[in-house]
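First up is the structure itself, then whatever we jot down about it.
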Amino acid sequence: MSVADVSTTTEKHIPLPQARLVLLHDRQGKVLALLPQPLMLDLAAVARVSGRELQLVRAEDAQRFFSQPGLQTAEGQARLLSLPLLIDTKLNAGALSCREYYSGYSLELKQLPAHESVQVGTISGDPAAGAVEAELDDATVITRAVERFTSLRVQQRLEDTLGLPGLSPSMQKIVTLRSNPDAGVDELVPVVKLDPSLSAQVMGWASSPYYAAPGRVRSIEDAVIRVLGFDLVINLALGVAMGQVLKLPEDTPRGMLPHWEQAVYMATLSEKLARSAPPEQRLRPGLAYLAGLLHNFGYLVLGHLFPPHFSRLSRHIEANPHLEQSLIEQAVLHVTREQIGGWLLESWNLPVEVCTAVRHQHEAGYEGEHGEYARLLCLSSQLLRQQGMSAGPVRPLPEGLVEGLGLEQADITRALEGLKNNADSLSRLSEVFRGRAH
34 MSVADVSTTT EKHIPLPQAR LVLLHDRQGK VLALLPQPLM LDLAAVARVS
84 GRELQLVRAE DAQRFFSQPG LQTAEGQARL LSLPLLIDTK LNAGALSCRE
134 YYSGYSLELK QLPAHESVQV GTISGDPAAG AVEAELDDAT VITRAVERFT
184 SLRVQQRLED TLGLPGLSPS MQKIVTLRSN PDAGVDELVP VVKLDPSLSA
234 QVMGWASSPY YAAPGRVRSI EDAVIRVLGF DLVINLALGV AMGQVLKLPE
284 DTPRGMLPHW EQAVYMATLS EKLARSAPPE QRLRPGLAYL AGLLHNFGYL
334 VLGHLFPPHF SRLSRHIEAN PHLEQSLIEQ AVLHVTREQI GGWLLESWNL
384 PVEVCTAVRH QHEAGYEGEH GEYARLLCLS SQLLRQQGMS AGPVRPLPEG
434 LVEGLGLEQA DITRALEGLK NNADSLSRLS EVFRGRAH
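Each residue of the sequence shown is one higher than the one before, counting from 34 in the numbering used here.
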């Protein structure tokens, strides 16, 4: 490839088509892929075109590779593009502006490279194509996905056929209490005392540095009444119950924040923002906390239901960090974590506010009943992504989202500062959900 094929300057008033530069590898070495920026890199299609089982390099390796000073020169860029190269057929043959996601490295091409190591083929897909079934009810979508990707043939009630463990008797009582607006500490403490594991965890939470309780915590009553309170104990107990029902998938996307650490950050921020909202917004902090804690529960269910396909999903999430994970799930599994998580929590009779929030958490404009909880999760998610404390592409906050919840920028700044100041303590607290009680 000649140096003349690489453009180091471009007339600013002529926007170039946007392409994504992706660094892949296998035992044979590195391969570059070029595809239209908005599309999803399809690893199965990459294998068909290249004849190789290529995977995305780790994010930190991509950052190191594309940070080499030599790649800022025309000669270095020409050497870069002399690597084996997969070019998607959807790219136009003319000039392109190319960017690598993890490093932010960019270069402009006057024309597509053409050398003996270039292969042209269809290596991308439209991530929205899998959303055809989105207008169907969630139970139908889940049933079709289960039948498509497993040997199960769903003929009876869906929840009876998925092989999901049930909740323990004590946790069933906790769910009942959570749904009862008149329940209080007097009903909760006896339930906690009957479950030795839950009792130990409650005592551990109350004694943790995050809550900084004055004096020694001497009893369950002391932990619940003086330190933690009804809402927090019942929500943490439900989170632990969910963690016991389903284990974390083994082959998760590389570089992701641990599941329960992200969940605790989401719960804490959602509660802080709910407390900042005016009373007329009707946001109950306890329900906001629980919705945040369980916001990603459908991810665990996907790993439980589709273990042979979950690895493929993880690789596609790694290879397409610019896309919402729900779009990738639609394309790979034809069902999203939000659909299956919201549906399952509803079937377990969790509060409707929580189910609605989990199901519609990425819909900034959702105006259905209890939509304020969904919009709160949407806001919390975007704020955490901006801080590097949650997975997913960073985007500008949707217009009107903050104001629609009755919040001001000062509320957000205060909540984020409180969260970041306590990040280490919250991270340690999240260990209880991973099966390591304090």
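Think of the CB as a built atom: it goes at the ideal place given N, C-alpha and C, for glycine as much as any other residue. Please read these numbers as outputs of a predicted model, since none were measured by experiment.
Per DSSP, Gln394 is not a residue of any alpha helix (DSSP H), being assigned neither H nor E. Annotation for Lys63: the continuous beta strand (DSSP E) segment containing it runs 62–69.
Distances from the CA of Leu269 to each of Leu68, Phe466, Leu65 were compared; the closest alpha carbon is that of Phe466.
Setting aside the 5 residues that flank it on each side, Val218 is surrounded in the same chain by Val257, Ile258, Phe263, each with a C-beta closer than 7 Å to its C-beta; the list follows chain order.
Rounded to the nearest angstrom, the gap between the Cα atoms of Arg418 and Gly425 is 7 Å. Annotated three-state conformation of Gly288 is coil, per DSSP.
In the DSSP assignment, Ile258 falls outside any alpha helix (DSSP H) and carries neither an H nor an E.
In this structure, DSSP gives Glu313 a helical state, which the three-state scheme calls helix. Sequence-distant partners of Ser347 (beyond 5 residues in either direction) whose C-beta falls short of 7 Å from its own C-beta, in its chain, are Asp284, Thr285, Pro286. Apart from the 5 residues on each side of it in sequence, Ala78 sits with its Cβ closer than 8 Å to the Cβ of Gly154, Thr155, Ile156, Ser157, Gly158 in its chain, given in chain order. Here DSSP, grouped into helix, strand and coil, assigns Arg53 to strand.
Taking the C-beta atoms as reference points, Ser414 is found nearer than 8 Å to Met299.
Distance from the CA atom of Leu452 to the CA atom of Thr301, rounded to whole angstroms, is 7 Å. By the Cβ neighbour-count rule, Asp228 is buried, with 16 or more other Cβ atoms within 10 Å of its own. Going by C-alpha positions, Arg317 is about 7 Å away from Ala307. For Val153, DSSP records a beta bridge to Ile120. Around the beta carbon of Gln442, fewer than 16 other beta carbons sit within 10 angstroms, so the residue counts as exposed.
Shown here for Leu459: same chain residues with a beta carbon closer than 7 Å to its own, the five before and five after excluded, namely Tyr243, Val297, Tyr298, Thr301 in chain order. For Glu141, there is no enclosing alpha helix (DSSP H); the residue is found in the beta strand (DSSP E) stretching over 139–142. For Arg132, the enclosing beta strand (DSSP E) has its first and last residue at 129–132. It is roughly 11 Å from the alpha-carbon of Trp381 to the alpha-carbon of Met204.
Beta-bridge analysis with DSSP links His58 to Lys63, Gln88. In terms of Cβ geometry, Gly439 and Ala310 form a close pair [threshold 8 Å].
At a Cβ-Cβ threshold of 8 Å, Val151 and Leu118 count as neighbours.
Between Glu351 and Val55, the alpha-carbon positions lie close to 11 Å from each other. Annotation for Leu210: Ala216, Glu220, Leu221, Val224, Ile267 place their beta carbon closer than 8 Å to its own, counting only its chain and skipping 5 residues before and after.
If the five residues before and after Ser232 are omitted, its C-beta is found closer than 7 Å to the C-beta atoms of Val225, Lys226, Ile253, all from its own chain and listed in chain order. For Phe343 and Leu279, the gap between their C-alpha atoms comes out near 15 Å.
As a beta-bridge residue in DSSP terms, Gly158 pairs with Met73. Shortest Cα-Cα distance from Phe330 to any of Ala390, Gly62, Asp75, Asp255 involves Ala390. Collapsing the DSSP output to three states places Phe182 in a helix. Within the same chain, Cβ atoms closer than 6 Å to the Cβ of Leu72 are found at Ser157, the five residues on either side in sequence being excluded. By the Cβ-count criterion, Gln61 is exposed, with fewer than 16 other Cβ atoms from all chains shown falling within 10 Å of its own Cβ. In chain order, Phe339, His342, Leu366 place their CB closer than 7 Å to the CB of Phe182, counting only its own chain and leaving out the 5 sequence neighbours on each side.
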